[in-house]
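Below: the structure, in structure tokens.
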Amino acid sequence: MTASLEQLRRCHFGVDLGAARTRVFVKGAGLVVDQPSVAAVNTRTGALIAVGEFAEKMRGRTPDYIRVVRPVSGGTVVDIEMAQRMLRQLLGDRVRRNLRRKPVLRAAACTPHGADPLAQRATIETLVGLGARRVELVDTLIAAAVGCGLPVEQPEATMIMVCGAGATELAVLSLGSVVSAVRIPVGGEAIDHAIVQHLRLRHELTLPSQSVRPLQLALSGNGLTPHGPESTEIHGLDVATGLARSVQVDTAAVRDAIQTPLTAVVDGIGKVLRDCPPDLVADLADRGIMMVGGSALLPGFDQMLRHATGMPVHIAERPDVCAALGIGAMLEGRIEPISLDPVSD
């Protein structure tokens, strides 16, 4: 991890800025923010109209002078000023007042594995704009592994898969560090896009922006497995006429459309394992893969990976908030590092 556990224990709050949702953990108060990373702005006056859940509902339903933006993309802050304004509103006056009382406010933030210095700097500047005097960076893979209870600090292999909205990160961890990792530009948004393209090409149907989530569309029941429902009814707009229309969609065809982006995830697992020492790979044969992140809840995703890799695949108890809970555990000192002090000759 980028910051040591001793440094993290001095921090007062931790932030997980995700492409889909933003989560804030305050020491002593727990998870105080869990909202979509969305803000709505009046382009005429520059005023912030809404953030979080309410701004998410406004997507695709606003007049011309209101713009709905996402200041975070793929775990990286792309609009620092808007991210600061969004965080201020999400935290609220009461929480910000309590944080400002700290003599030297310290913050911790999750960053994607292998994030470049520019992306790290954007995250730091975002939290400095909230009043933090010092910002510690934590690898999202480490934070997620801690949050789902994996023995990260032990000399044994653990494999974590962070299924985000913009990307999927895979890593093998041992002794509190990343041994081998890969970042795949395939996440929940890519799966949504595959479904939208399939319905547009096969059924000439355009979907409202609020209805593209695969869990609400075509993957009920057992989802990616053949035991799911044979068909489901989808409501959208006809491409030619622009009128509302409903069609019966064959879920087997939808599963085939989704397989293409998910195949890249299976290839990534093979790459991570090839780069690992054989002893660690042997540990993973019994322990398997732990899935975290919002896209880990895609029905049947774990079964597909289990069948493709032959390894045990588990979904964390609360996969969507594991990274935030992990950084909170490190802030509150609930993780004890293994001693690696030099021995005397």
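Taking the UniProt record's numbering, the leading residue of the sequence shown gets 1, the next gets one more, and so forth. All residues carry an ideal CB built from backbone N, CA and C; glycine is no exception.
**Message:** Taking the alpha helix (DSSP H) that L331 belongs to, which residues open and close that run?
**Reply:** Counting along the chain, the alpha helix (DSSP H) containing L331 begins and ends at 322 to 331.
**Asked** Opposite F13 in the DSSP bridges: which residues?
**Response** Paired residues: V26, A107.
**Message:** I need the DSSP call for T241, collapsed to helix, strand or coil.
**Reply:** The answer is coil: DSSP assigns T241 none of H, G, I, E or B.
**Request:** Apply the 10 Å Cβ neighbour rule to T158 and answer buried if 16 or more other Cβ atoms are within range, or exposed otherwise.
**Result:** T158 is buried by the Cβ-count criterion.
**Message:** Given this structure, state the Cα-to-Cα distance separating H12 from K27, to the nearest angstrom.
**Reply:** One C-alpha to the other measures close to 6 Å.
**Request:** Let me know the secondary structure DSSP gives E6 once reduced to three states.
**Result:** Reduced to three states, the DSSP call for E6 is helix.
**Prompt:** Just the Cα atoms here: how many angstroms apart are V135 and L87?
**Reply:** CA-CA distance, V135 to L87, rounds to 15 Å.
**Prompt:** In terms of residues, what are the limits of the beta strand (DSSP E) holding V281?
**Reply:** Run containing V281: none in the beta strand (DSSP E); it sits in the alpha helix (DSSP H), 278 to 287.
**Message:** Contact between the region 306 to 322 and the region 170 to 177 is defined here as three or more beta-carbon pairs at a separation below 8 Å; is this criterion met?
**Reply:** The region 306 to 322 is not in contact with the region 170 to 177.
**Message:** Any contact between the region 8 to 22 and the region 150 to 165? By contact I mean 3 or more CB pairs, one from each, below 8 Å.
**Reply:** Using a Cβ-Cβ distance cut-off of 8 Å, the region 8 to 22 and the region 150 to 165 are in contact, since at least three pairs of beta carbons, one from each stretch, lie closer than that value.
**Asked** Candidates G149, R133, A115, R334: which alpha carbon is nearest E169's?
**Response** Per the Cα distances, A115.
**Request:** Taking T241 as the reference, give the member of E233, T260, E204, T123 with the closest Cα.
**Result:** For T241, the closest C-alpha among the options E233, T260, E204, T123 is that of E204.
**Request:** Pick out whichever of P261, R101, L325 has its Cα sitting closest to the Cα of E189.
**Result:** The candidate whose alpha carbon is nearest that of E189 is P261.
**Request:** With DSSP as the reference, label E230 as helix, strand or coil.
**Result:** In the three-state reduction of the DSSP assignment, E230 falls in the coil class.
**Prompt:** How would you call E56, buried or exposed, if buried means at least 16 neighbouring beta carbons within 10 angstroms?
**Reply:** Result: buried.
**Item:** Residue of V15, Q7, P36 minimising C-alpha distance to G294
**Value:** Looking from the CA of G294, the closest CA among V15, Q7, P36 belongs to P36.
**Prompt:** Using a Cβ-Cβ cut-off of 6 Å (strictly less than) and excluding sequence neighbours within five positions of I258, which residues of its own chain qualify?
**Reply:** Cβ within range, chain order: I191, A194.
**Request:** Using a threshold of 8 Å, state whether the C-beta atoms of D139 and H113 are closer than that.
**Result:** Against a cut-off of 8 Å, the Cβ pair of H113 and D139 comes out as a contact.
**Message:** By the three-class DSSP mapping on this structure, what secondary structure does I49 have?
**Reply:** It is a strand residue.
**Message:** Let me make sure I understand the geometry here. Which of E153, L91, V128 has the alpha-carbon closest to that of V51?
**Reply:** Measuring from the Cα of V51, the nearest candidate turns out to be L91.
**Asked** Taking DSSP as the reference, what is the three-state secondary structure of V152?
**Response** V152 falls in the coil class under three-state DSSP.
**Other residues of its chain near R306: CB distance less than 6 Å, five sequence neighbours each side excluded** = In chain order, V313 place their CB closer than 6 Å to the CB of R306, counting only its own chain and leaving out the 5 sequence neighbours on each side.
**Message:** Please classify T43 as buried or exposed, where buried requires at least 16 other C-beta atoms within 10 Å of its C-beta.
**Reply:** T43 should be labelled exposed.
**Counted within 10 angstroms of its Cβ, other Cβ atoms place D279 as buried (16 or more) or exposed** = Its Cβ having fewer than 16 others within 10 Å, D279 is exposed.
**Asked** Identify the residues that DSSP records as bridge partners of T206: which are they?
**Response** Answer by DSSP bridge pairing, in chain order: L237.
**Asked** Is the beta carbon of D331 sitting closer than 8 Å to the one on L8?
**Response** What sits at residue 331 in the sequence shown is Leu, not Asp. Contact: yes.
**Message:** Is it buried or exposed, L199, if we count other Cβ atoms within 10 angstroms and call 16 or more buried?
**Reply:** Burial call: buried.
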